[in-house]
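Peer 1: First the structure, which I've put down as structure tokens, then a few questions once you've had a look.
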Amino acid sequence: MFESVIEFAKTHSIRIAVILIGAAFLHNFAMIAIKKVINRTIRSENFKTERDEKLRKKTLTSTVNTAIRAVIWVLAILLIMTEFGFNIGPLMAGAGIVGVALGFGAQSIVADFLKGFFILIENHYRVGDVIKINNDVSGTVERVTLRETVLRDLDGRVHHIPNSEIKTSTNMTMEFANVNLDIGVAYETDIEMLEKIVNEVGQSMQTDSEWEDKILEAPKFLRISDFGESAMIIKIVGKTVAMKQWAVTGELRKRLKIAFDKNGVEIPYPQRVIRQISKK
Amino acid sequence: MFESVIEFAKTHSIRIAVILIGAAFLHNFAMIAIKKVINRTIRSENFKTERDEKLRKKTLTSTVNTAIRAVIWVLAILLIMTEFGFNIGPLMAGAGIVGVALGFGAQSIVADFLKGFFILIENHYRVGDVIKINNDVSGTVERVTLRETVLRDLDGRVHHIPNSEIKTSTNMTMEFANVNLDIGVAYETDIEMLEKIVNEVGQSMQTDSEWEDKILEAPKFLRISDFGESAMIIKIVGKTVAMKQWAVTGELRKRLKIAFDKNGVEIPYPQRVIRQISKK
Amino acid sequence: MFESVIEFAKTHSIRIAVILIGAAFLHNFAMIAIKKVINRTIRSENFKTERDEKLRKKTLTSTVNTAIRAVIWVLAILLIMTEFGFNIGPLMAGAGIVGVALGFGAQSIVADFLKGFFILIENHYRVGDVIKINNDVSGTVERVTLRETVLRDLDGRVHHIPNSEIKTSTNMTMEFANVNLDIGVAYETDIEMLEKIVNEVGQSMQTDSEWEDKILEAPKFLRISDFGESAMIIKIVGKTVAMKQWAVTGELRKRLKIAFDKNGVEIPYPQRVIRQISKK
Amino acid sequence: MFESVIEFAKTHSIRIAVILIGAAFLHNFAMIAIKKVINRTIRSENFKTERDEKLRKKTLTSTVNTAIRAVIWVLAILLIMTEFGFNIGPLMAGAGIVGVALGFGAQSIVADFLKGFFILIENHYRVGDVIKINNDVSGTVERVTLRETVLRDLDGRVHHIPNSEIKTSTNMTMEFANVNLDIGVAYETDIEMLEKIVNEVGQSMQTDSEWEDKILEAPKFLRISDFGESAMIIKIVGKTVAMKQWAVTGELRKRLKIAFDKNGVEIPYPQRVIRQISKK
Amino acid sequence: MFESVIEFAKTHSIRIAVILIGAAFLHNFAMIAIKKVINRTIRSENFKTERDEKLRKKTLTSTVNTAIRAVIWVLAILLIMTEFGFNIGPLMAGAGIVGVALGFGAQSIVADFLKGFFILIENHYRVGDVIKINNDVSGTVERVTLRETVLRDLDGRVHHIPNSEIKTSTNMTMEFANVNLDIGVAYETDIEMLEKIVNEVGQSMQTDSEWEDKILEAPKFLRISDFGESAMIIKIVGKTVAMKQWAVTGELRKRLKIAFDKNGVEIPYPQRVIRQISKK
Amino acid sequence: MFESVIEFAKTHSIRIAVILIGAAFLHNFAMIAIKKVINRTIRSENFKTERDEKLRKKTLTSTVNTAIRAVIWVLAILLIMTEFGFNIGPLMAGAGIVGVALGFGAQSIVADFLKGFFILIENHYRVGDVIKINNDVSGTVERVTLRETVLRDLDGRVHHIPNSEIKTSTNMTMEFANVNLDIGVAYETDIEMLEKIVNEVGQSMQTDSEWEDKILEAPKFLRISDFGESAMIIKIVGKTVAMKQWAVTGELRKRLKIAFDKNGVEIPYPQRVIRQISKK
Amino acid sequence: MFESVIEFAKTHSIRIAVILIGAAFLHNFAMIAIKKVINRTIRSENFKTERDEKLRKKTLTSTVNTAIRAVIWVLAILLIMTEFGFNIGPLMAGAGIVGVALGFGAQSIVADFLKGFFILIENHYRVGDVIKINNDVSGTVERVTLRETVLRDLDGRVHHIPNSEIKTSTNMTMEFANVNLDIGVAYETDIEMLEKIVNEVGQSMQTDSEWEDKILEAPKFLRISDFGESAMIIKIVGKTVAMKQWAVTGELRKRLKIAFDKNGVEIPYPQRVIRQISKK
């Protein structure tokens, strides 16, 4: 038995040494890499004090280091065990099951990064754009990282959305924007006159020095878009500089209100026709 | 032990050399291929300045290169390790788990490309068509790539939808379009007269020089499609040139309104029958 | 070392030659097969000009060819590498991960084809039928392929639905169709008289030369189907030739309206009982 | 080299012959089996003309045959390649990926058949029953196969539902059915009198020769089931022969209406109490 | 070659014989087991005539037998092929893919049985209980098997729900039940008096000989649970014998109505305050 | 051949014996363990009679025993077959497929237990707490096991929810609870006065001997939380002992009602402004 | 046979000893590690008495220990069995299936931890922030662990949400917050005057000593944001210190109410135009 040990030592000692050295090297390399990544990932703008930031970094570094260290040395031990001729099948099956659970759990993180990659190269939106995600959450983009998109809405609320959850992204401020206004007017209104009033208001806005640099095409009457329950719905469209569509539409509403009042065009309240009979 | 090393060198040196050369070749080839793909994928129309574009390309190229380089050399090292007789089972199991997570995370990207492929060969829509996706988002197609469809709607908003999210696509401007208008008229209306009025309005529109090239079949009264709560609903249908259905329907509404007013056909407000009794 | 190369050449050269020849043969065969499939799949009716069609075919052929070519030669290289005794485990694991991602991404395409197969052999619908899919999208079937169903609705909109998305398909024009009409009449109405009126209208329609070939069973009063808020709801049923149910029901509504007016049967507006008291 | 070929031929020729013969046998057997299955699966009742049916069968047979033939001979070639000592690992990995995609795509078909199996042995419904599926689609069962359930509703529409999509099935005509009628009566109504009226109507219906064979238990007043907004809701229950519940309930509504009118029981319209004050 | 066959026969003939005998034994055993299982599973109460039942059993037995027989003999052939030295890898890969598809398709059936097991040992409900499943389908439990739960509702409709679809089960008749009644009373009502009336009605019901064995705790006024739009909502609670809660609540409503009428407590109709002004 | 059998017997007989003994041991051990587990799992409180309980236990024990016994002896037979040199690959593949289906079907059971584990160690709720699950089902916790949570609601209904279905759990009685009451008051109300009244009512309740031990912070006027359609909505908040929030809020409503009546604060009915015009 | 046992003992005894020692070591190490983890995970703040806490810890420790112990010794036995030359394939396949089920069941737990990791390093929210999760549950953050987020809402209810269920997190108190108030005013209102009033109220609030430290930008009139059914909707925006937005908005509502009353600006009730006609 003794000779076989010696024999074994001769043929396997170098390889075991190589494994140990490789593991040690990888260990150190991983430590440094992780530190770098954490330093880059944690953005100081997210912390109130430098101490907060340092504490967070330290905790994270030590957590991740422990995990990586465990993985590297478990692999090294398994490799050495095979050198000694152990059948590590059962051990690997056990590890595999843990690994599959981890892999499945991590897949949405991977999907976040891949989706984030396409958001960036396809240029869906940039910091400062006003966007809406999945027809649900909207706001100004505060930050786009590979993993998530951060929005801040009109209420000042900050939304964190993982990129893989983004099915449809809607950018409201890409190059230009449109005025698209539906207004209900009384069924008695003279359409020709209405069209003239709306177009005049649109024109006057475009020639107004305060608004002309925000409007690319003057808002104008497009068509009767619906016969509503209590009003005829007309559609008014125009083209504006990006980010200015809400201000232009707001001003347009104000000017239309004044013009309508002057010309007797009514924005009607809900209508009911009552047929009164005595109780049966 | 020394002899075994020499022996080993003899039989394995060529193969190790082949592995190293193959890896180096693949490395260079991948670098060039990636540069090309990125240059093609990033479309200058998406960037404001040339500097923006260059910066983006540079960042992306270096990111992807690092990833590819890591993959190639890790594979090369594993191949060489097997030449030296190491059991790389545990290492591969670890890599496999990472790989599965990546593979699962990437599957929606793959689905995007496959779906995009069918959108293109089955010719679902082209740039310029007005479409609606999943009965939810609609707009004019701005761009169809293998990975996503980009729409711009009437508000000027730009929607990015990954192709794999597209379940039902609805093309509103394929070859031709229809007028399909439901209008509520008072229950007291004479149906025969109404039918005559509607058909006359439809005919007059088709013979109008301004509209005749947009109308393929004059809008006409089809049937009473419902007995509504406060009105009888009639359906009017016609056929138009693609993209012109909204303008034609808008004009038709205007002309019908005028004809109805002239002939005493009422579009009724909501009706209520009131039976008043004194408080019990 | 030199001898071993010669030795190797002797034993392996034939097999390597076989691999190369097999790959070349498969390559050529695939090229031809792909061309055929693309020529069959791309339907000229989908393109405006012949040039458009040719361009599309060319692009597609070259894309698919590149993919197939890559797959065939990578497999050939792997086979040759095993002949040279390389352990290609790591390479195959890498390829496997890519393959799994592709396979997962492709599974919905496979499901499309399998579902399409059953739609065809179980004869769910044919071109020209009016169908509704998943209680959501409806229209006339324009095309049924193994991968998708294409509908055109009354607005002239073209819907593309992948077959695997079809959970419930509803064929409205299979062999025959029914009139199934719910009408609200005043609570004061005499039910016996109403039943007589409805049945007379139904009978008269079936004996009318214009309608008799569209009606299989005359519409008749079935029962009081509900006590509604403001009206008693009655159900009228009949049987018609497929595709004619809407026209028959529309005409039936018109005739019932006239008969009701003549006989004093009221289709009541929404009713309210008001109990007025002075402000507390 | 030549000798080795001879040597090879000796040891392997029988096995290769066995493989080829086995494949040929399986090929022919599959051809016949498929023809049989297709002949049984395609039901002539689904086709208008015999020519249609034949054409469909021919197309299907040739499609499936091509697929089966490809699978059998690819497997045979792989088996022969292993006889010649090729490492077919890479080829099988490629095939495996295609196979997995196919397998995943096919799993809903498999689920259809398994679910269909349980629908049949647990006797959920039979042809002619009126059922509702997933609280969504209802109709008379026209066909139950292992793969799908086909319903026809009152509008004459034919619904195809794959069995695996059936979560809850509701059979409305299993052995017997119930009358379950909620009617709103005025708050002023005398409950004792109402109970008497309802029970009398129920009794009289059961003793009516036209209805007695359809009613198992006479409909009777059960309880005040709710204090509604404008009416007290009472519940009336009874037991009928399966399929007759709608007719019985319809007749019951008619008789109750007459009895209520005679006895001054009111089915009230929506009530509002109005407190009028002069504008502030 | 001839000798090798003899040699082969010597070493392998016993094993092949064992395989064949094992398969035959398993075959017979499975046949008997299946017959037993089918006889137990198909419950005669589900069939109208004995002939129906026999036919169903026969069809099922032969279907399942064919499937089992195919599986056993394919496995036997594969085992024998390995005895003859064939590499059955490709064949098994093919079988594996079919198997995976079957396994995936069958997983919901397995989940049914496991869930059914827990429903039984955790005693969620028993035949005769009134339950509601997933807040959606409710009725009296007619049958609980390992695979499904069968309910019959007040309309006489029979619901089949696979156990794995049951997320939340709600048993309304476990040991005891509660009266939990919300009634709206006029804002003008004197709360103290109301409380006294409600409690008196509750007490009188518990001391009523007809009801005392159904009531465990007399219904009593709990609190004002909401300020509604037109009424103050009060909550009344009590405890009853299981299955009797609906009858008790119905009777309680009747008695409260009488007591309220006698004491001038009003259950108000919807209220509106009207501020009338002349048209602007 | 005879010698080889003897030879075989020598080398393998011990191992086969070990396998058989191991299987027998495991068999007995499992029998005992299962009995114990079933005795612990089935809680006598769930059964009406002891006989019911015994019957259930007996059925379950025999079912599970049969399953376990089958698994153990099939594994033993496979182990012995490998000792005899059979290639059990095909058999194991078959078993694997069944196993995967079982494993997939069982995963929700596993998820139940893991989730239950976290519910217990993170102390989400305990028996007696009033909780709401997934914003859907609420009630008093009757039982929390590793597999499910059992609630009983105010109607006396018992809800069984598997732990893995619990996404959000809401504990309404953790340490303390809040009064959080929104009341609509007339727009004419004097806010300062209202604030004083509300705070006085809150104070008086806290100093009331009946209520002081239930209230931790007196309810007080917080702010105008909304301008409603017909009323100004004010928010009143306070802090109470857990489980007492509903009683306190109910009493608070009663006292506020009295105080409002005394001070002329109106809880307004829905308001409408009517502009009457003569029919057009 | 005896010699072979001795022979076996020589070569394998060391390895078996190593396995046993390794298992024993791991066993002890795991026991200690688990105790530590449980002591850290269970937070005493969650328990009412120290005895409760100890009991829970003890139960958990023993449960987890039993599980870990079973896993370690089963692995050890399998390793030793391979030393004795048993083919443990079948046993491992069995274990693998159990393992896969466990792994799948555990994946949502893993996803919890990974998501929790990103919530912490990306600093989505901290204890004390007011957040909303998935646009569904909102409250003050009480605890953020790697596995779950615990919120307490205004009703005092405690919500437990596993981190992996968090799709969109909305932080309402990140750095600052906004006033974002939509108010409906009568259509007759003079917009210029209204704008002046709103801005004056906003200014006066910012200069009020009680409120100036809570307001970063005075609330001001932004635009007419909609033409509502009964009112013109105006938008008022401002910027406040985080956590103070609700108080500031409440106070702003109060001040606006007073200013509106003083200046005759009306917040209108729902409007209706009534056209009365005599019954037809």
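Protein chains in written order, with the working numbering: chain G, 237 to 516; chain P, 237 to 516; chain U, 237 to 516; chain A, 237 to 516; chain Y, 237 to 516; chain C, 237 to 516; chain D, 237 to 516. Idealized CB from N, CA, C, for every residue including glycine.
Beta-carbon separation of E319(G) and I257(G) under 9 Å?
Peer 2: Result no, Cβ atoms of E319(G) and I257(G) do not sit closer than 9 Å.
Peer 1: Enumerated in chain order, which unbroken segments of the beta strand (DSSP E) with a length of 3 residues or greater are wholly contained in the stretch 347–393 of chain D?
Peer 2: Runs found: 366–369, 373–380, 384–388.
Peer 1: May I ask you to list the residues that DSSP assigns as paired with D418(P)?
Peer 2: D418(P) pairs with K471(P).
Peer 1: Does the Cβ of D348(G) have 16 or more other Cβ atoms within 10 Å, making it buried, or fewer, making it exposed?
Peer 2: By the neighbour-count rule (16 or more Cβ atoms within 10 Å), D348(G) is buried.
Peer 1: Could you name the residues of the same chain whose beta carbon sits closer than 7 Å to that of V377(C), not counting the 5 residues immediately before and after it, in chain order?
Peer 2: Cβ neighbours of V377(C) beyond the five flanking positions: Y361, R362, V363, G364, D365, I367, T385, L387.
Peer 1: Could you tell me the alpha carbon to alpha carbon distance between V437(D) and E487(D), rounded to whole angstroms?
Peer 2: Rounded to whole angstroms, V437(D) to E487(D) spans 10 Å at the Cα level.
Peer 1: Which runs of the alpha helix (DSSP H), 4 residues or longer, sit entirely within the stretch 423–476 of chain P?
Peer 2: With a minimum length of 4 residues, the continuous alpha helix (DSSP H) runs that stay inside the stretch 423–476 of chain P are 427–443.
Peer 1: If we call anything under 9 Å between Cβ atoms a contact, is V421(P) one with V501(P)?
Peer 2: In this structure, V501(P) lies closer than 9 Å to V421(P) by Cβ.
Peer 1: Could you check whether the Cβ of F340(G) sits closer than 9 Å to any Cβ belonging to chain P?
Peer 2: Chain P contact via Cβ: present.
Peer 1: Any Cβ of chain P within less than 9 Å of the Cβ of R388(U)?
Peer 2: Answer yes: the Cβ-Cβ gap between R388(U) and chain P drops below 9 Å somewhere.
Peer 1: Examine chain A for any beta-carbon lying closer than 9 Å to the beta-carbon of P506(U), and answer yes or no.
Peer 2: Yes, P506(U) lies at the interface with chain A (some Cβ there is under 9 Å from its Cβ).
Peer 1: Just checking my contact of R489(D) with F463(C) at CB under 8 Å: how many whole Å lie between their CB atoms?
Peer 2: With a Cβ gap of about 7 Å, R489(D) and F463(C) count as contacting.
Peer 1: Counting only Cβ pairs nearer than 9 Å, list the residues of chain A close to T404(U).
Peer 2: Within 9 Å Cβ-Cβ: I369, N370, D372, V373, H395, H396, I397, P398, E401.
Peer 1: State the beta-bridge partners of S405(Y) as determined by DSSP.
Peer 2: Bridge partners of S405(Y): I369(Y), H396(C).
Peer 1: Are the stretch 336–348 of chain G and the stretch 331–349 of chain D touching, with three or more C-beta to C-beta distances below 8 Å?
Peer 2: Cβ pair count under 8 Å is three or more, so yes.
Peer 1: May I have the straight-line CA-CA distance separating K516(D) from R383(A), to the nearest angstrom?
Peer 2: Low per-residue confidence applies at K516(D): pLDDT is 46, beneath 50, and the placement is therefore not dependable, though the value from the model is reported in the following sentence. The alpha-carbon atoms of K516(D) and R383(A) are separated by roughly 57 Å.
Peer 1: When the Cα atoms are used, what is the spatial distance from K293(A) to P398(Y)?
Peer 2: Cα to Cα, the separation comes out at about 36 Å.
Peer 1: At least one CB of chain A closer than 9 Å to the CB of V273(U): is that the case?
Peer 2: Answer no: the Cβ-Cβ gap between V273(U) and chain A never drops below 9 Å.
Peer 1: Answer with yes or no whether the minimum CB distance from F412(A) to chain Y is below 9 Å.
Peer 2: Yes, because at least one Cβ of chain Y sits closer than 9 Å to the Cβ of F412(A).
Peer 1: Compare the C-beta of A483(C) with all C-beta atoms of chain Y and state if any pair is closer than 9 Å.
Peer 2: Closer than 9 Å to some Cβ of chain Y, the Cβ of A483(C) qualifies, so yes.
Peer 1: Short of 7 Å in beta carbon distance, which residues of its chain neighbour Q481(Y), apart from the five on each side in sequence? Order them along the chain.
Peer 2: Closer than 7 Å at Cβ, skipping near neighbours: A413, N414, V415.
Peer 1: Do you know offhand how far K471(Y)'s Cα is from L417(Y)'s?
Peer 2: For K471(Y) and L417(Y), the distance between alpha carbons rounds to 6 Å.
Peer 1: Nearest to E401(A) by CA position, among Y423(A), G352(A), E424(A), D426(A), is which residue?
Peer 2: Comparing Cα-Cα distances from E401(A) to each of Y423(A), G352(A), E424(A), D426(A), the minimum goes to G352(A).
Peer 1: Assuming A478(A) is part of the alpha helix (DSSP H), what are its boundary residues?
Peer 2: A478(A) -> no alpha helix (DSSP H), and no H or E assigned at all.
Peer 1: Output needed in chain order: residues of the stretch 284–310 of chain D with a Cβ under 9 Å from some Cβ in chain F.
Peer 2: Protein chains in the displayed structure are G, P, U, A, Y, C and D, and chain F is not among them.
Peer 1: In this structure, does DSSP put F496(Y) in helix, strand or coil?
Peer 2: Helix.
Peer 1: By how many angstroms is the C-alpha of M317(Y) removed from the C-alpha of A312(P)?
Peer 2: Looking at the two C-alpha atoms, the distance is approximately 38 Å.
Peer 1: Would you tell me roughly how many angstroms separate the C-alpha atoms of Y505(D) and T425(C), rounded to the nearest one?
Peer 2: For Y505(D) and T425(C), the distance between alpha carbons rounds to 15 Å.
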